[in-house]
Each structure stands twice: as structure tokens, then as C-alpha cells.
Amino acid sequence: MRARELGRKSVVVGDRVSLVGDVSGADGALARIVRIVERRSVLRRTADDDENTAEGRHERVVVANADQLVIVSALADPPPRTGFIDRCLVAAYDAGIEPLLCLTKADLAGPDQVVGYYAELELPYVLVRPDSDLDALRTLLAGRVSVLVGHSGVGKSTLVNRLVPDALRTVGVVSAIGRGRHTSTSAVALRLPRTPDADGDPGWIVDTPGVRSFGLAHVSAESLLHGFPDLVEGTVDCPPNCPHTPDEADCALDAWVANGKADERRLASYRRLLASRSGDADPREPERNPGDPLAGS
Ligand SMILES: Nc1nc2c(ncn2[C@@H]2O[C@H](COP(=O)(O)OP(=O)(O)OP(=O)(O)O)[C@@H](O)[C@H]2O)c(=O)[nH]1
Ligand SMILES: [Mg+2]
Numbered sequence: 003m004r005a006r007e008l009g010r011k012s013v014v015v016g017d018r019v020s021l022v023g024d025v026s027g028a029d030g031a032l033a034r035i036v037r038i039v040e041r042r043s044v045l046r047r048t049a050d051d052d053e054n055t056a057e058g059r060h061e062r063v064v065v066a067n068a069d070q071l072v073i074v075s076a077l078a079d080p081p082p083r084t085g086f087i088d089r090c091l092v093a094a095y096d097a098g099i100e101p102l103l104c105l106t107k108a109d110l111a112g113p114d115q116v117v118g119y120y121a122e123l124e125l126p127y128v129l130v131r132p133d134s135d136l137d138a139l140r141t142l143l144a145g146r147v148s149v150l151v152g153h154s155g156v157g158k159s160t161l162v163n164r165l166v167p168d169a170l171r172t173v174g175v176v177s178a179i180g181r182g183r184h185t186s187t188s189a190v191a192l193r194l195p196r197t198p199d200a201d202g203d204p205g206w207i208v209d210t211p212g213v214r215s216f217g218l219a220h221v222s223a224e225s226l227l228h229g230f231p232d233l234v235e236g237t238v239d240c241p242p243n244c245p246h247t248p249d250e251a252d253c254a255l256d257a258w259v260a261n262g263k264a265d266e267r268r269l270a271s272y273r274r275l276l277a278s279r280s281g282d283a284d285p286r287e288p289e290r291n292p293g294d295p296l297a298g299s
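Just so it is clear: in the sequence shown, position 24 is 26 by the numbering used here, and no numbers are missing.
Structural data, given as C-alpha cells:
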């Protein structure tokens, strides 16, 4: 139980708490959460349940105390969206959580397009197919708390079930239009099992429900840039308080890209994010970048 004075939404997955009462864990034992330990990190997203009303855009804590954000993207079915991945990267840097790109369904499509897009970034990634061994991923998860985020149907719960054999996470099917069915409805933290050939703490994994988009209204315009480390250096020659928008003639990012220092698609993605914050963007497809599969459809 949670002490009443803590409030209804005070405890989130990943929180470390102080308990009083019967902490034996036995059947029928009753303990009370009386204190939430100061959080090491807080991953937030702005929910876009109803983008049209101010009340519809509320900030949600996804998980507390995560060390690593595992951005799960299928290579097909549903197709990858670099705009979505870019948003997750912004959220990760904003929260001080290390990103890891996990590309699933590598049996259905190759990773070159997605990996090429992030070539400039030192973004670690792993490929997952149904028959791949997960040793490399386990090594990256060891000793830390990792949270999986991604669209519905990309295979988060499938992966959790493989990593934690007794997790029993329900797995859904992807519909003909390439969308998952939002099979998982709440976040769950699971302790990873010890493996015979690795000593030390194997870490924790948090499965989360699929999200349609990763809203960033809570991130300042200035902080958005931190999700684009390949562009940061390019802003050194910008005028003071440069908004980095396409209509800012003196913005140094255009020359930075023209000189081959960064991929022009990354600058376009950054500017789409800037525009989405000022309400200029098409809200229906907030994270589809030109060049993504099906981008124009
Ligand atoms: N071909 C292929 N299919 C996969 C792979 N991983 C998962 N799937 C399938 O993708 C579908 C959706 O998987 P889930 O694990 O439920 O996806 P999820 O990300 O947890 O979805 P939500 O809980 O809705 O957010 C299932 O039918 C899986 O069998 C993979 O590596 N290759
Ligand atoms: Mg799931």
C-alpha cells in the first residue's frame, strides 16, 4: 500500500521506496510505502491523447531511475520511423539516460537505412531476429536499469520474454496496416536472470506499453538540440539566440550540413521537431521523416 499523503500518482515504476510493516513478502503480508527515494533520473514524455486541447497534453513519467533507454524499432512491420527514434534520443539526453538502439525483426528487413542515418552519432545498436542469440544485448543490459520504449507491435514484450523466460508478458499480433494492438497496458520492471558465464548484477529491464508518439512538449527548445549531438558543434557560428529555424538566414547549421559535417536529413528532422513545438507541423505524422520507408504514403 501507498501512504495516503504520498498522493495518487507519486510512485512510478523504477522508484526506490522505503517500506514499513511486514516486508516478508509472504501471502497476505501488508507493507506500506512511506517514502520515495530521490530519483537518479526521470524519463518523461508528454502524452498526446488529445493534441487539440491544452488539458490533453499532460506530462507523464515513464520510469524513474533508468540508466539506459532502449529504443526498440522494428525494421519492418511496423516500419522504422527515424523521427520517432530522434524524439526518443532527445528524451534520453534530456533525462541524462544513455540511449541504445534495438532494431528488431531483422529477419524481415536489413538495417542499413536506419543505421546509415545515425552514422554520425556514436549510437550503440543491436540487431534482433527470432533466432539471434542475445548475449551482446545481455552484456549491454548488465548492471543497469534499462527501459524499453517503442511503437506498439515492434516486439518489446517478445524480447522481454526471451530475456526473462518466466516473464510471461503477453505478445500481440501486428495488424495488416502494420500497427500493433497495444497489447501491453502497463509498465513492468523485471530482474534479468543470472547467466552461468557472467558474474555480477545482470540488471533490470522495464517493458512499457507501445506509444504512438513520444511527445516532447516538456523539453525546452534549447535542450532539443542535445538530441542531435551531430549538429551541436555546427551551432558555434550561429548568431546569439539563433532559433535554428529554416527562415533564419544566418543559422550556421545550413553551412554545417552543406559542408558535409552532418546528414541533411538530421537537420531536417531537428527542424521538424522545432516546428512541431510551435504547432506548425502536421500533427498526424509527427515522427515520419522523409526517407523513412513509406515516408510519402
Ligand atoms: N518476424 C519477427 N516477428 C517478431 C519479432 N519480434 C516480435 N515479433 C512479432 O511481432 C508481434 C508483436 O510483438 P510484441 O512483443 O507484442 O510487441 P510489443 O512491442 O510488446 O507491442 P505492445 O505491447 O503493443 O507495445 C508478435 O506477433 C511477435 O511475434 C522478430 O524479431 N521477427
Ligand atoms: Mg508489449
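From the three backbone atoms N, C-alpha and C, an ideal C-beta is built for every residue, glycine too.
Remember, predicted model here, so these are calculated numbers, not experimental data.
From which residue to which residue does the beta strand (DSSP E) around residue i run?
i, result
"C104", "100-106"
"Y120", "First-last for Y120: undefined, no H or E at that position."
"A97", "Counting along the chain, A97 falls outside any beta strand (DSSP E), though it belongs to the alpha helix (DSSP H) covering 84-97."
"R164", "It is not in any beta strand (DSSP E) - R164 instead sits in the alpha helix (DSSP H) that spans 158-165."
"L129", "127-129"
"A33", "33-38"
"T48", "44-48"
"V22", "19-23"
"L150", "147-151"
What does DSSP give as the partner residues of residue i in its beta bridges?
i, result
"V273", "Per the sequence shown, the amino acid found at residue 273 is Arg instead of Val. Paired residue(s): none; R273 is not in a bridge."
"S75", "L105"
"E289", "For E289, which the question treats as bridged, DSSP gives no partner whatsoever."
"E61", "T48"
"R4", "I35"
Look at residue i and residue j and say whether their C-beta atoms are less than 8 Å apart.
i, j, result
"S154", "R183", "yes"
"W206", "G236", "no"
"G85", "E289", "yes"
"V147", "N67", "yes"
"L142", "L102", "yes"
"V65", "G98", "no"
"L226", "L269", "no"
On the DSSP letters alone, give me the boundaries of the alpha helix (DSSP H) that residue i sits inside.
i, result
"R140", "137-143"
"A68", "Premise fails: A68 is in no alpha helix (DSSP H) and is neither H nor E."
"V259", "255-260"
Quiz item: Which residue spans inside the region 173-243 form an unbroken beta strand (DSSP E) run of at least 3?
Solution: The DSSP assignment places complete beta strand (DSSP E) segments of no fewer than 3 residues inside the region 173-243 at 190-193, 206-209, in order along the chain.
Quiz item: So which residues touch the region around ligand 1, with touch meaning a C-beta under 6 Å from any heavy atom?
Solution: Matched residues: T106, K107, D109, L110, V130, R131, P132, G152, S154, G155, V156, G157, K158, S159, T160, V173, G174, V175, V176, G182, R183, H184, T185, S186, P211, G212.
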